[in-house]
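Letter by letter, the sequence shown follows residues 1 to 177 in full-length UniProt numbering.
Glycine included, each C-beta is placed from N, C-alpha and C at the ideal position.
Keep in mind it's a predicted model, so treat the numbers as computed, not measured.
Written out below as structure tokens is the structure these notes cover.
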Amino acid sequence: MILIVMISGYHEKEGAAGSEAERTARLWARSVAVSSSLRSEQAARAANMTSKQFTREEISKWKSENKTDTVFIIDNVVYDVTKFLDEHPGGHEVLQNVAGKDASEDFDDVGHSLDAKDLMQKYKVGEIVESERVYAQKRQISWEDNKQENDSSFTSSWKFPVLLGIVVTLLYSYLFG
């Protein structure tokens with residue numbers, strides 16, 4: 001609105017030249033209003049989609065009742081990827097094998113890209129009810145060497161290679177020297 005007021009003031013000073021700028025400003029203001037209303041509609045749709053709650057049993061039954069639907073759970077979120085089956089780079093069998101189940105581990109094992117994870121939001125239909133949510137613990141990999149070294153062993157210490165070197169040197173001197 002401030003822009004329109006400024007341009008209309010300019011219009012009064014400069015005459016008809018300001019009318020073109022005023023029309024441009026109005027069109028710009030309308031486009032901003034339309035884009036912000038679209039964003040609010042998308043946010044409302046996203047809020048409605050996340051409000052749908054499912055139990056794990058409902059997801060299992062969904063698969064058995066609707067043979068053509070491919071619905072599964074990843075990280076406590078329910079996805080219906082029926083329309084994505086033909087587009088999936090790994091083939092539709094991969095998705096159909098986990099239908100009606102929790103596919104979180106399978107999804108993480110493959111190592112999907114960030115683009116794939118963003119695309120998943122398009123197929124989100126709801127979430128698992130709070131009482132049935134499962135939170136996977138991150139695997140902790142330890143690089144500690146738990147093998148106990150036995151320092152008293154003759155073959156594992158520095159003594160064995162030194163003694164072997166002396167014996168080989170003496171044997172070489174005796175045979176070839």
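Legend entry - Complete runs of the beta strand (DSSP E) confined to the stretch 101-145 [at least 3 residues]: 124-128
Legend entry - Nearest neighbour of Thr-68, chosen from Asn-76, Asp-108 and Lys-83 [CA to CA]: Lys-83
Inset, instruction - Taking Ile-74 and Ser-104 to be in contact with their CB atoms under 8 Å, please state how far apart those CB atoms are, rounded to whole angstroms. - result: Taking a contact as a CB-CB distance under 8 Å, the pair Ile-74 and Ser-104 counts as one, their CB atoms being some 5 Å apart.
Legend entry - Where Asp-75 sits in the DSSP three-state scheme: The three-state reading of DSSP puts Asp-75 in coil, since its state is none of H, G, I, E or B.
Inset, instruction - Report buried or exposed for Tyr-172, applying the criterion of at least 16 other Cβ atoms within 10 angstroms of its Cβ. - result: exposed
Legend entry - Gly-100 vs Phe-72 beta-carbon contact at 8 Å: yes
Inset, instruction - Determine the burial state of Leu-170: buried for a count of at least 16 other Cβ atoms within 10 Å of its Cβ, exposed for fewer. - result: Exposed, since its Cβ has fewer than 16 Cβ neighbours within 10 Å.
Legend entry - Bounding residues of the alpha helix (DSSP H) (the contiguous stretch that carries His-88): Element bounds for His-88: n/a, residue is neither H nor E.
Legend entry - Short Cβ contact (8 Å threshold) for Val-125 with Lys-61: no
Legend entry - Nearest to Arg-133 (by Cα), restricted to the options Val-78, Val-98 and Ser-19: Comparing alpha-carbon positions, the option among Val-78, Val-98 and Ser-19 lying closest to Arg-133 turns out to be Val-78.
Inset, instruction - Compute the Euclidean distance between the alpha carbons of His-92 and Lys-122, then round it to the nearest angstrom. - result: The straight-line gap separating the alpha-carbon atoms of His-92 and Lys-122 is approximately 17 Å.
Legend entry - CB of Leu-95 within 8 Å of CB of Val-110, strictly: no
Inset, instruction - Could you tell me how far apart the beta carbons of Ile-128 and Arg-23 are, in whole angstroms, since I believe they sit closer than 8 Å? - result: Incorrect: roughly 52 Å between the Cβ atoms, too far for contact.
Inset, instruction - Since I believe Asp-106 is in contact with Val-98 (beta carbons under 8 Å), could you give me their beta-carbon distance rounded to a whole number of angstroms? - result: 6 Å
Inset, instruction - Could you tell me which residues DSSP puts in a beta bridge with Phe-176? - result: None, per the DSSP bridge assignment.
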